[in-house]
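Read through the structure below, which is laid out as structure tokens, and then see the notes.
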Amino acid sequence: MSSPFFMKKKENPKFAKKGKNTAVLKRKADGDSGGKSKLRAKKPNSKHNEEISSDSETESPVVPRKRHSKEEIDYEETPQEKKLRLAKLYLEQLKEEEEDKAEEDSFETDLIAGRLQEDVLEQKGKLQRLIAKDLIPPDASEIRVLRGHKLPITCLVISSDDKFIFSAAKDCSIIKWDVETGKKLHIIPGGRKGTEDRHVGHTAHILCMAISSDGKYLATGDVNKLIMIWEAETCKHLYKFTGHKGPVSGLSFRKGTHDLYSASHDRSIKVWNVDENAYVETLFGHQDAITGLDSLSRECCVTAGGRDRSVRVWKIAEESQLVFHGHEGSIDCIQLINEEHMITGADDGSVSLWSVNKKKPLCTVKQAHGRHGDAGLEQPHWVASVAALQNSDTVASGSHNSQVQLWKCGQNYRGLQPLFSVPVSGFINSLKFSSSGQFLVAGVGQEHSLCHRCKNISSVPVFLEEVIVA
Numbered sequence: 036m037s038s039p040f041f042m043k044k045k046e047n048p049k050f051a052k053k054g055k056n057t058a059v060l061k062r063k064a065d066g067d068s069g070g071k072s073k074l075r076a077k078k079p080n081s082k083h084n085e086e087i088s089s090d091s092e093t094e095s096p097v098v099p100r101k102r103h104s105k106e107e108i109d110y111e112e113t114p115q116e117k118k119l120r121l122a123k124l125y126l127e128q129l130k131e132e133e134e135d136k137a138e139e140d141s142f143e144t145d146l147i148a149g150r151l152q153e154d155v156l157e158q159k160g161k162l163q164r165l166i167a168k169d170l171i172p173p174d175a176s177e178i179r180v181l182r183g184h185k186l187p188i189t190c191l192v193i194s195s196d197d198k199f200i201f202s203a204a205k206d207c208s209i210i211k212w213d214v215e216t217g218k219k220l221h222i223i224p225g226g227r228k229g230t231e232d233r234h235v236g237h238t239a240h241i242l243c244m245a246i247s248s249d250g251k252y253l254a255t256g257d258v259n260k261l262i263m264i265w266e267a268e269t270c271k272h273l274y275k276f277t278g279h280k281g282p283v284s285g286l287s288f289r290k291g292t293h294d295l296y297s298a299s300h301d302r303s304i305k306v307w308n309v310d311e312n313a314y315v316e317t318l319f320g321h322q323d324a325i326t327g328l329d330s331l332s333r334e335c336c337v338t339a340g341g342r343d344r345s346v347r348v349w350k351i352a353e354e355s356q357l358v359f360h361g362h363e364g365s366i367d368c369i370q371l372i373n374e375e376h377m378i379t380g381a382d383d384g385s386v387s388l389w390s391v392n393k394k395k396p397l398c399t400v401k402q403a404h405g406r407h408g409d410a411g412l413e414q415p416h417w418v419a420s421v422a423a424l425q426n427s428d429t430v431a432s433g434s435h436n437s438q439v440q441l442w443k444c445g446q447n448y449r450g451l452q453p454l455f456s457v458p459v460s461g462f463i464n465s466l467k468f469s470s471s472g473q474f475l476v477a478g479v480g481q482e483h484s485l486c487h488r489c490k491n492i493s494s495v496p497v498f499l500e501e502v503i504v505a
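For the record, in the sequence shown the residue sitting at position 217 is 252 according to the numbering used here, with numbers rising by one throughout.
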């Protein structure tokens, strides 16, 4: 497996605490051994005294009194004195145990308080772990390439335990990969057009996919307006959802549930209950094809509206929406950083950070991946994908300039600074951080997943469709 971006962290305070306990035990053991050695040290002296006594036996018969002064003390100790001594020893042991327990309880209390505080900040959308400073770019030898699809990869997801990657492509196939070994665990082959009635799986380009936070369900959406539900562990087909009137372009499970949100080029958002194999409701609002969708724990989702140049926050329970504007081009990708902040990318080459409480972007970087073309006719590289390491200050963006760009978010997400780039040849259609933040996965193809909207990428060299793990 490739080396992580992260540098090694400081020692876990919990382990440091255990080290302290070990030291305490060691001191106790030293004390015990010290006492025993002291007793043993007296025996040679006694033997030495015996030898002297033996040589001078005719001179003095009083040597035995010198031999066991300690024994005399023990012998002379009354039962009450012995009880008192043992009681004091017992009380000292109890006191020491109580001090150790109090110290452990204090440590656990501080740990729990810290976790609760993080949970509260996460729910409020204000948790921002400052980890960008610890990121380092991987060496070329540490970047792994997983090949298996015959046509451009359009989307991918990573299981929440970071053990598996699922990828899908325009060849209608789905592959489950083992992260540790890079091997294919399952392949769900695509079918040909016209075989929908007898083929189990997709027979049209797959555009999007999502996996539930517990790793139970995998959902995939295609150009044929279909949503397929799979058992993630075995890749067994479970359900087929129909209802959209256009290609399904976005899917996301609400975190901690099996509620599924779907977006389509028909401009609608649909809500499904996968456990019940049931449709719930439909929401409308976008004026153009929806190009991206994401959600976290709250009963809401965010969408990118493509050429209507809007970002929308949908409050599912209230059946209401908030509308945001800021990009000058088509907004083609979106990802939540936490419950209150998100990142978007557009075909005008810009990357923006947003707050759900502000109608305009908090920060926008124009020409985030540079420009290309002849002199006087330069165009910005289209931002085709974005990714966010949840509840952190780290995001990434991908284009077709052969670079995945890593960014550091400023305090309160009011700035965006480039960290470093990772060389990747091709059109980066999908990006995902692992839950742990230990690696980043890129889905690469010869063209954008929405081929009918591709820009001129004739300068991009030919390459195989691949999953790249950095």
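Note that CB positions come from ideal geometry on N, CA and C, so glycine has one too. Being a predicted model, the structure only gives us computed values, none of them experimental.
Under DSSP, Y314 forms a beta bridge with W307. Between G341 and T317, the gap from beta carbon to beta carbon reaches 9 Å or more. For V502, the pairing in a beta bridge is given by DSSP as L181 and G478.
If you draw a straight line from the Cα of H234 to the Cα of Q414, it is about 43 Å long.
For the stretch 207-240, the full-length beta strand (DSSP E) segments reaching 3 residues or more read 209-213 and 219-223 along the chain. For the 9 Å CB-CB criterion, I372 and L388 form a contact. If you draw a 10 Å sphere on the C-beta of R227, you find fewer than 16 other C-beta atoms in it, and that means exposed.
Exposed is the label assigned to D140, since fewer than 16 other Cβ atoms lie within 10 Å of its Cβ. Between I304 and V283 a beta carbon distance of about 11 Å is seen, past the 8 Å cut, so the two are scored as non-contacting. Nearest in C-alpha terms to V214, of all of G480, S469 and V479, is S469. G236 is positioned such that its CB atom lies no closer than 9 Å to that of R179. In the DSSP annotation of this structure, the continuous segment of the beta strand (DSSP E) that includes W389 starts and ends at V386 to S390. Contact between N436 and G478 does not hold, since their C-beta atoms are separated by about 16 Å, which reaches or exceeds 8 Å.
Nearest C-alpha to E334 among V315, K350, V192 and N464: K350. The Cβ neighbour count for S432, taken over all protein chains shown within 10 Å, is at least 16; the residue is labelled buried. The beta carbon of G380 is closer than 6 Å to those of C368, V386, V418, V421 and S432 in its chain, skipping five residues each way along the sequence.
CA-CA distance, R289 to G229, rounds to 33 Å. With a 10 Å radius around the Cβ and a threshold of 16 neighbouring Cβ atoms, P224 comes out exposed.
Apart from sequence neighbours up to five positions away, the residues of its chain that approach A324 with a beta-carbon distance below 6 Å are H300 and G341, ordered along the chain. By the neighbour-count criterion, in which a residue is buried when 16 or more other Cβ atoms sit within 10 angstroms of its Cβ, A313 is exposed. By the CB criterion at 9 Å, G364 and D383 fall inside the cutoff.
Per DSSP, the continuous beta strand (DSSP E) segment holding Q370 begins and ends at I366 to L371. In this structure, I264 places its C-beta atom within 9 Å of the C-beta atom of Y252. Separation of the CB atoms of I246 and F201 is rounded to 7 Å, and the pair is thereby assigned contact status at 8 Å.
Assigned with DSSP and collapsed to three states, Q446 falls in helix.
By alpha-carbon distance to E353, the top candidate from D329, K443 and C336 is C336. Around the C-beta of Y296, 16 or more other C-beta atoms lie within 10 Å, and the residue is accordingly described as buried. Residue state for K401 is assigned as coil, using DSSP reduced to three classes. Relative to E231, the option among C207, V430 and M377 whose CA is nearest is C207. Comparing C-alpha distances from H272 to each of H221, G461 and K393 shows the shortest one belongs to H221.
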